[in-house]
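J.: Its first residue numbered 1, the sequence shown is counted upward by one per residue in UniProt numbering.
Next up is a structure, given as structure tokens.
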Amino acid sequence: MADYDKVFAESVQNPEAFWATAAAELDWYQTWNTVLDASNPPFYRWFSGGLMNTCYNAVDRHVAGGRGDQVAIIYDSPVTDTIATITYRQLQDHVARLAGALQKIGVTKGDTVIIYMPMIPEAAYAMLACARIGAIHSVVFGGFAANELAIRINHAQPKVLITASGAIEGKKTLAYKPIVDEAATIAEHKFEHCIVYQRPFVHADLQDGRDLDWNQIVADAPAADCVPLDATDPLYILYTSGTTGMPKGVLRDNGGHAVALNWTMKAIYNIDAGDVFWSASDVGWVVGHSYIVYGPLLKGATTIMYEGKPIGTPDAGAFWRVISQHRVKSLFTAPTAFRAIKKEDPNGTFIGKYDLSCFEALYLAGERLDPDTYFWAAKLLQVPVIDHWWQTETGWAIAANCRGIEELPIKPGSPTKAAPGYDVRIVDFEGKEVGPNVEGNIVVKLPLPPGTLVTLWRNDQRFVESYMNTFPGYYETSDGGYIDEDGYIYVMGRMDDVINIAGHRLSTGAMEEIIATHPDIAECAVIGTEDALKGQVPVGLFVLKAGVDRDVEEIKAELVKMVRDKIGPIACFRESSAVARLPKTRSGKILRGTMRSIAAGKQYRTPSTIDDPAILDEITETLKDMGHRRAN
């Protein structure tokens, strides 16, 4: 165990030496000329002149090092009743042959490939095969509607699209090929080939000339070698929604990305080669890129690909079963997964059925971890529950409790301190730094560490406008919060979650944290709505825990008192309503911005990432009724 303060200071005071040491853990065909090229800010480049290959470091390096028989991937699919293991040697063979097939149909370095796949090992093979030959992959969440897929096809301009015949969503079978075909018709850009992995429960019809059967082309393909790439060459594009609703293509490089993710596995998650690490996410999201595929494999760990849900596949004990059966050391998931488990099994009765003696820590990120969920999980699991905070753009944690360096005391509601490499500051709207415990804009002093976005795909100008212009010299996270006197960061939500009540700026996130502690509430959201007198007032929506049978009006009155007691009457929290569920993205984030637009009667674009669009009709009616009540 090292000293966090010492490691952090080195990372921000001498980043070149710090990251050069981290880079030495990987294999390079040619060492870099410059660790950090800062000649063209804000377009910083890491390890310029270095030659390497991400796939080699994530796969071949471990085989060459004598660990080819170690399990690389555990595929656990309760929806298809399948469990399979893939060793590093088997992974190398799968990836090399698919890479050879891609080369055979004309894919070369710098070409783009869209991957539209469910949570199956073949999705990882496809990502790694692209990395092997220098193609740039763009994974699109499997099941996205055809129009959203078409938007990404037009922007990424892929030579090839890789997909599967379908997936199982809940109790339904979702065929992917009709979605791909429709997207191909809509899109102006026409890809040359579509590789289809046929799954046994749903067959995809193949179009002559364009479509290719995965198994057939792989069987005939020679194994491809890894192609030496510049460290600054692009590895992947990952789309994230912008304020306009149109996607922004976050671009990640090869060298900096591999160095950073390999480093984080030990430093942040305390994972060594051979350990079993489970990130319960999806390859369509940044967590899936960083911590299902690249991070664990770069480290030489065993990663789990789980095709299921925290509840309903088959019950609220699903996570405990996976941890116990596969001897998981650490789990990384979103707080919403644990709120779902808590709602279905408030007393944690399922956990007693499994041996979790292997389990060391739970990591949560993707949305704010409310203290109630933190305390529930910590009491139930009796292991550290680590909140950490990051973004699609950063690729890894901005703030974390770095257990592999020094495990710091946990403060509920805080993702602890800035991760080494991130010089986090709080500034006001004029860009002036504020003192401890003063809320403001969370920014990161440039340069960002390796592994973060280097620009936006085909849009350098939007990269600068979106992240670098508002506060010159800083990366704008667009999140608000504060840093306390001990250096602990508190993320209170997007800056537009701050509402102005009669001239007083208050965080709806702070109100959410209070409401979430109510014993009958599973999860909640607080949004600002327009008020003729005060400018804005907060309203709350909450979901009750399973089995709660109380007068909802009593609960609402209790919430008013709780917010008044904790924040004061200035919060003006008077209105709330019980709902069956909250609108969320597929990755579990509550769509507060969309609900704010609904409450204000503004036009809104249904987010492409929404889990169930039908819920917006229910929320619209609820917010409309609440508006009528306030007006009267």
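Note that the Cβ used here is the ideal one computed from N, Cα and C, for glycine as well.
The structure displayed is predicted, hence computed values, not measured ones.
Do residue 256 and residue 404 have their beta-carbon atoms positioned less than 8 Å apart in this structure?
T.: It is not a contact, given that the beta carbons lie outside the stated cut-off.
J.: Look up residue 34 in the DSSP assignment and say whether it is helix, strand or coil.
T.: Note: residue 34 maps to strand in three-state DSSP.
J.: Quick check on DSSP: helix, strand or coil for residue 244?
T.: Here residue 244 scores only 42 on pLDDT, less than 50, and its place in the model is too uncertain to base an answer on.
J.: Taking all protein chains shown into account, decide if residue 83 is buried (16 or more other Cβ within 10 angstroms of its Cβ) or exposed.
T.: Exposed, by the Cβ-count rule.
J.: Could you name the residues that DSSP lists as bridge partners for residue 634?
T.: Beyond the ends of the chain as shown, which are 1 and 632, falls residue 634; an answer cannot be given.
J.: Any contact of the stretch 463 to 483 with the stretch 164 to 175, i.e. 3+ C-beta pairs under 8 Å?
T.: At 8 Å Cβ cutoff, the stretches do not touch.
J.: To which residues of the same chain is residue 107 closer than 7 Å at the C-beta, ignoring the five residues directly before and after it?
T.: 113, 133, 135, 159 and 160.
J.: Taking only three categories from DSSP, how would you classify residue 499?
T.: Correct three-state label for residue 499: strand.
J.: To the nearest angstrom, how far is it from the Cα of residue 100 to the Cα of residue 422?
T.: Those two C-alpha atoms are separated by around 39 Å.
J.: For the beta strand (DSSP E) that contains residue 197, what are its first and last residues?
T.: First-last of the beta strand (DSSP E) with residue 197: 193 to 197.
J.: If distances are taken between C-alpha atoms only, which option among 537, 519, 520 and 340 comes closest to residue 527?
T.: If we check each option's Cα against that of residue 527, 537 comes out closest.
J.: Roughly how many angstroms separate the alpha carbons of residue 597 and residue 222, rounded to a whole number?
T.: Spanning the two alpha carbons is a distance of roughly 54 Å.
J.: So the alpha helix (DSSP H) residue 256 belongs to, where does it begin and stop?
T.: Looking at the DSSP string, the run of the alpha helix (DSSP H) that includes residue 256 is 255 to 267.
J.: Just the Cα atoms here: how many angstroms apart are residue 533 and residue 410?
T.: Cα to Cα, residue 533 sits roughly 41 Å from residue 410.
J.: Can you tell me where the alpha helix (DSSP H) holding residue 467 begins and where it ends?
T.: Residues 460 to 467.
J.: Can you check whether the CB of residue 425 is closer than 8 Å to the CB of residue 474?
T.: Contact flag set, yes.
J.: Rounded to the nearest angstrom, what separates residue 317 and residue 310 at their Cα positions?
T.: Roughly 8 Å between the two C-alpha positions.
J.: Suppose you measure from the CA of residue 10 to the CA of residue 260; what does that come to, to the nearest Å?
T.: Approximately 15 Å, taken between the alpha carbons.
J.: What are the start and end residues of the beta strand (DSSP E) that includes residue 278?
T.: 276 to 279 is the span of the beta strand (DSSP E), which, as asked, contains residue 278.
J.: Give a yes or no on contact between the stretch 173 to 181 and the stretch 142 to 160, applying the rule of three or more CB pairs nearer than 8 Å.
T.: Result yes; three or more Cβ-Cβ pairs closer than 8 Å.
J.: At the level of alpha carbons, what is the spacing between residue 507 and residue 279?
T.: Each residue's Cα considered, the two are about 30 Å apart.
J.: Can you give the Cα-Cα distance for residue 234 and residue 493, rounded to whole angstroms?
T.: Taking the straight line from one Cα to the other gives about 31 Å.
J.: Locate the alpha helix (DSSP H) running through residue 88, then write down its first and last residues.
T.: Its alpha helix (DSSP H) spans residues 88 to 104.
J.: Compare the Cα-Cα distances from residue 515 to each of 356, 567 and 486 and report the closest residue.
T.: Closest option to residue 515, Cα to Cα, is 567.
J.: Is it a yes or a no for the stretch 278 to 298 touching the stretch 339 to 346, going by three-plus beta-carbon pairs under 8 Å?
T.: Taking 8 Å as the limit for Cβ pairs, the verdict is that the stretch 339 to 346 does not touch the stretch 278 to 298.
J.: With a cut-off of 8 Å, do at least 3 Cβ pairs link the stretch 362 to 375 to the stretch 314 to 334?
T.: Result yes; three or more Cβ-Cβ pairs closer than 8 Å.
J.: Please report the straight-line C-alpha distance between residue 237 and residue 512, rounded to a whole angstrom.
T.: The alpha-carbon atoms of residue 237 and residue 512 are separated by roughly 34 Å.
J.: How many Å lie between residue 254 and residue 269 at the Cα?
T.: C-alpha separation (whole angstroms): 22 Å.
J.: With residue 582 and residue 541 assumed to form a contact (beta carbons below 8 Å), what rounded beta-carbon distance in angstroms separates them?
T.: About 6 Å separates the two Cβ atoms, so the contact holds.
J.: With residue 633 as the anchor, note down where its alpha helix (DSSP H) starts and where it stops.
T.: A question about residue 633 goes unanswered here, because the residues of the chain that appear run from 1 up to 632.
J.: How is the beta strand (DSSP E) around residue 493 delimited, first residue to last?
T.: First-last of the beta strand (DSSP E) with residue 493: 489 to 494.
J.: Is it buried or exposed for residue 570, if we count other Cβ within 10 angstroms and need 16 for buried?
T.: Exposed, since its Cβ has fewer than 16 Cβ neighbours within 10 Å.
J.: Using DSSP bridges, identify the partner residues of residue 117.
T.: None, per the DSSP bridge assignment.
J.: Would you say residue 664 and residue 258 are within 8 Å of each other, going by their C-beta atoms?
T.: Because residue 664 is not part of the residues shown, which for the chain are 1 to 632, the question remains open.
J.: Among residues of its own chain, excluding the 5 on either side of residue 456, which ones have a beta-carbon nearer than 8 Å to its beta-carbon?
T.: Hits under 8 Å: 248, 249, 250, 251, 462, 463 and 466.
J.: Suppose contacts are defined by Cβ-Cβ distances below 8 Å. Is residue 520 in contact with residue 556 by that definition?
T.: Contact: no.
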